[in-house]
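Residue numbers (this note's numbering), protein chains in the order written: chain A, 4 to 277; chain B, 4 to 277; chain C, 4 to 277; chain D, 4 to 277. Just so it is clear, CB atoms sit at the ideal spot from N, CA and C, and this is done for glycine as well. Just so you know, these numbers come straight off a predicted model, no measurement behind them.
Listed below in structure tokens is the structure:
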């Protein structure tokens, strides 16, 4: 601090621009990226609408490929600028960045995979950092951590709901299959049981026999009651966490990990000084 | 207090009548306003029913314009009677009052906008003040404050649900679009994903391929589990707020016991009338 | 306690049989009542099924009238046996008992009202007392008291949801009415908005324009988020109450009120010794 | 412990293999069992799909019978290896094991009952023990215990919802039955009321009269509000329980009960040393 700042290497400069948002260059980079992501998503959606694709198909395809090449370049630059690129590549953001360019290349072989570009939506999560919405990031972290702490219980709960749906689906299949074409097989009946127990209720499949309706009513009441379980689980976890525990969202120069404790001076993933 | 009350200016009189409900004139003004709002809403609804509009169209239009002019006058009087009218104009109530008269004037240019008069429903919030439902207002505030404190978390949660719907919609589009006319484009598929993840389930769009149904089942179970998140958030906020005011603390004249249920008319310890 | 029990008057005897379940006669009376209620409900349901009514119509009508006359006699005896019959007549149980016989008599004038006999289902609440399910009654009380304490907040919340539905219904009406026959009027659109915001989602009415679908998606996400509010309210109330606070379910000889605090020695509604 | 381990009897050996997963033989046994259960479920589902059954019907039937015979043998061995087999037979796992073989034998008399083999899905609960997912078992226990503690309240709540559905169903029947074929009888209307109050909303039955729609809207808002009750109940129960209370999942050699307190040295069901 009290000596002259040592000149940054080009790698460090690149890192600051690409991974940080606290310099003008870094901020402009992030804004351009954000605009590209939104544009890219809009193109993917418009391409899927037959009438629009018929008129502007070639133009949209050109734009999409330009964006894909830019994203590919960005991905390569990110890897180059880091000291431990593997950590980034295997991180959540790294995987999202990779998955955001792959569908374009795969679509050369299997065209419909092209629409999987919608995964680029996940890149929008960066918007929170770009807009310096620190408080949102912190609140988001509280939710994510409560979800993580509840993962095991929620998993068990969903496994339980699935087992229940398998058995109830088979039961209603036995009751309805003879007279109701909707219940054409057990997998179809299980699909119906899930639609019912989660209270979604499309109505594309519904029972017509009195006994089927009675069982269906039981499943609905059950679904109505057990939705309480995941809610209780998450509520208890959330109430354990305090709003106070703020987080440091500065990227680690070593591995690009972004969430550090507020008092952390070294990255807890790679040991690099923050 | 011990000197003669200074005579109020006409502005102060106007203020008391329009903004307060603790004088006979103010109370009458509020009651008349309430009746007009309800009448106005009824007219708007009836106008939208073709058979009724065919018979009473001109009469209803006349009543509506009379009410609109009265509301416009009221809005002007409110502004005149205040010392700092800008505060009112930019407040929630001020905006609602303005938005409640604009659709009538806009409908001269674009007739269907006429039905946006339904926004007058918001003016009914005044009913709580008119009916002196102080306790309801207090409880309402607790809810509003808990909601405000949860706004950031709920926003993040809804943004997350939206991102999820975009990606899952695109995924099911890739799976279903070839064989199912319902999934005609990605935006349409995103609409379906939102209908499913929120457990609404209209059934106007539903998957028909086995893979589509499997993914749909996953989305339903996910939606069934993550509804726990906003619930947990609001519950935690609400539990932070206390409402001690629950009990009747009048002493019993018979035995001086102090805590009685709010509906008790006799002391439950000695039988004395309270 | 240490002297001979004074002979009970016939009124007191009647009271013991009709209102209490702790003597053999009282217990038999309650069991007979329970059987009659269930039989009566079964008859009402079967009468509504055309094919069954065609075959056993007259027989079922006879049974129903016999039960109605028995219930009428029981209602009169209840009034006679009490010292303050007005308290019973205006109590929850008193109103249910009255409403359980009225539809039969009204059906002489307006036949379909006959099916409102289904209100007899409410009489089944007595089953908890008959079966001496004290613990269930206590748990039920905890729920009822938490619901009562939440009534104001839930009312405000539902009023808010209703106002929202009125405005959103009108908004979607403006957007959809020209091209979608489903949205034929504002009341119909409000009905749709309620179906959507509560996540019921019949699908009998659904938007077809892109803008309509976007607004609908917003309403769904809103409904998905604000369901958190009543849940939070009730959870907070329930968590305030302890499982321990048991209740005394002995009927008051003065006014037949049934729920008294465990330490109450006098009825808190009429002051009579318990 | 300080003397030579006494040689196990063949019964004890069998017990270790069948009921424990901490020896190589026991682990292999459990893995084989798991594979058989999954295979069996897959067969049952495939058999229900007409096109697949037409081609591979006899082969699948053969596999199913082989599995059924293996499961029957396993059930007999389990009974033989225990000192107090009755405890196992009447336990949850014992009943599931029995119900998993019965449908095959019943299907000789009543073929469709064959599909009830889906109950074998319940046997998958053993997977948690096989995979040594102790933590999942512990979390699952917390949920199960919270559910058990809430059983009475949830039961009362569901009984209340059912009574409400009976009355509201009958009410809407009176309103709709004349003009709407969907509401053909009171039981059918009750089915509709349950579909609506639980927010499932198939849309196979829906009101068409204005009054019917108003009542339906009320039922939806009610259902939207009272879903708060089971949620509140379970949340309160869950928050009472601590994550810490770990459990001992070693099977009791006397009765095969699996969940014991961490400090238990004797089975609390049969007193056998653990």
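Beta-carbon neighbours of residue i, restricted to chain C and to distances below 8 Å
| i | result |
| --- | --- |
| residue 188 of chain D | 48, 51, 52, 53 |
| residue 223 of chain D | 197, 198, 201, 203 |
| residue 1 of chain D | This structure does not reach residue 1 of chain D, given that chain D is present from 4 up to 277, and the question cannot be answered. |
C-alpha gap between residue i and residue j, whole angstroms
| i | j | result |
| --- | --- | --- |
| residue 252 of chain B | residue 197 of chain A | In this predicted model, residue 252 of chain B has a pLDDT of only 46, less than 50, meaning its place in the structure is not dependable; the value taken from the coordinates is given anyway. Using only the alpha carbons, I get a separation of about 51 Å. |
| residue 160 of chain B | residue 226 of chain B | 12 Å |
| residue 33 of chain D | residue 173 of chain D | 52 Å |
| residue 229 of chain A | residue 232 of chain C | 18 Å |
| residue 95 of chain C | residue 217 of chain A | 30 Å |
| residue 125 of chain D | residue 45 of chain D | 14 Å |
| residue 195 of chain D | residue 219 of chain D | 10 Å |
| residue 211 of chain B | residue 213 of chain D | 34 Å |
| residue 187 of chain B | residue 148 of chain C | 51 Å |
| residue 234 of chain A | residue 145 of chain C | 20 Å |
| residue 215 of chain D | residue 208 of chain D | 12 Å |
| residue 16 of chain B | residue 26 of chain B | 11 Å |
| residue 37 of chain B | residue 60 of chain B | 23 Å |
| residue 112 of chain C | residue 184 of chain C | 38 Å |
| residue 280 of chain A | residue 155 of chain A | With chain A covering only 4 through 277, there is no way to say anything about residue 280 of chain A. |
| residue 87 of chain D | residue 162 of chain A | 32 Å |
Reduced DSSP category for residue i - H, G, I as helix; E, B as strand; rest coil
| i | result |
| --- | --- |
| residue 15 of chain B | helix |
| residue 33 of chain C | helix |
| residue 100 of chain D | helix |
| residue 69 of chain D | helix |
| residue 56 of chain C | helix |
| residue 107 of chain A | helix |
| residue 26 of chain B | coil |
| residue 78 of chain C | helix |
| residue 210 of chain A | coil |
| residue 240 of chain C | helix |
| residue 51 of chain C | coil |
| residue 230 of chain C | coil |
| residue 155 of chain C | helix |
| residue 194 of chain D | helix |
Residues of its chain near residue i, where Cβ-Cβ distance is below 6 Å and the 5 sequence neighbours each way are ignored
| i | result |
| --- | --- |
| residue 28 of chain A | 20 |
| residue 43 of chain C | 70, 123 |
| residue 222 of chain D | 171, 199, 200 |
Close-in-space but distant-in-sequence residues of the same chain around residue i (CB under 7 Å, 5 per side omitted)
| i | result |
| --- | --- |
| residue 204 of chain C | 198 |
| residue 40 of chain B | 123, 126, 127 |
| residue 153 of chain A | 236, 237, 240 |
| residue 73 of chain B | 39 |
Whether residue i touches residue j by CB criterion (8 Å)
| i | j | result |
| --- | --- | --- |
| residue 320 of chain C | residue 176 of chain D | What the structure shows of chain C is the stretch from 4 to 277, and residue 320 of chain C is not part of that stretch, so it cannot be assessed. |
| residue 157 of chain D | residue 193 of chain D | no |
| residue 242 of chain D | residue 239 of chain A | yes |
| residue 206 of chain A | residue 206 of chain D | yes |
| residue 190 of chain C | residue 63 of chain B | no |
| residue 103 of chain A | residue 109 of chain A | no |
| residue 224 of chain B | residue 164 of chain A | yes |
Under 7 Å by beta carbon: chain A residues contacting residue i
| i | result |
| --- | --- |
| residue 151 of chain B | What residue 151 of chain B touches in chain A: nothing, since even the nearest Cβ is about 13 Å away. |
Chain-ordered chain A contacts of residue i [CB-CB under 9 Å]
| i | result |
| --- | --- |
| residue 174 of chain B | 118, 119, 121, 122 |
Close Cβ partners of residue i (< 8 Å) along its chain, the five nearest in sequence each way excluded
| i | result |
| --- | --- |
| residue 91 of chain B | 81, 82, 85, 97 |
| residue 56 of chain D | 49, 50, 63 |
Chain D contact residues for residue i, given Cβ-Cβ distances below 8 Å
| i | result |
| --- | --- |
| residue 239 of chain A | 238, 241, 242 |
| residue 234 of chain B | 234 |
Chain-ordered neighbours of residue i on chain C, where CB pairs are closer than 7 Å
| i | result |
| --- | --- |
| residue 206 of chain A | 206 |
Chain D residues whose Cβ lies nearer than 7 Å to that of residue i
| i | result |
| --- | --- |
| residue 143 of chain C | 159 |
| residue 40 of chain C | The contacting residues do not exist; residue 40 of chain C stays about 11 Å from chain D at best. |
Closer than 8 Å at the beta carbon, the chain B residues around residue i
| i | result |
| --- | --- |
| residue 104 of chain A | Chain B residues near residue 104 of chain A: none, gap ~15 Å exceeds 8 Å. |
| residue 164 of chain A | 224, 227 |
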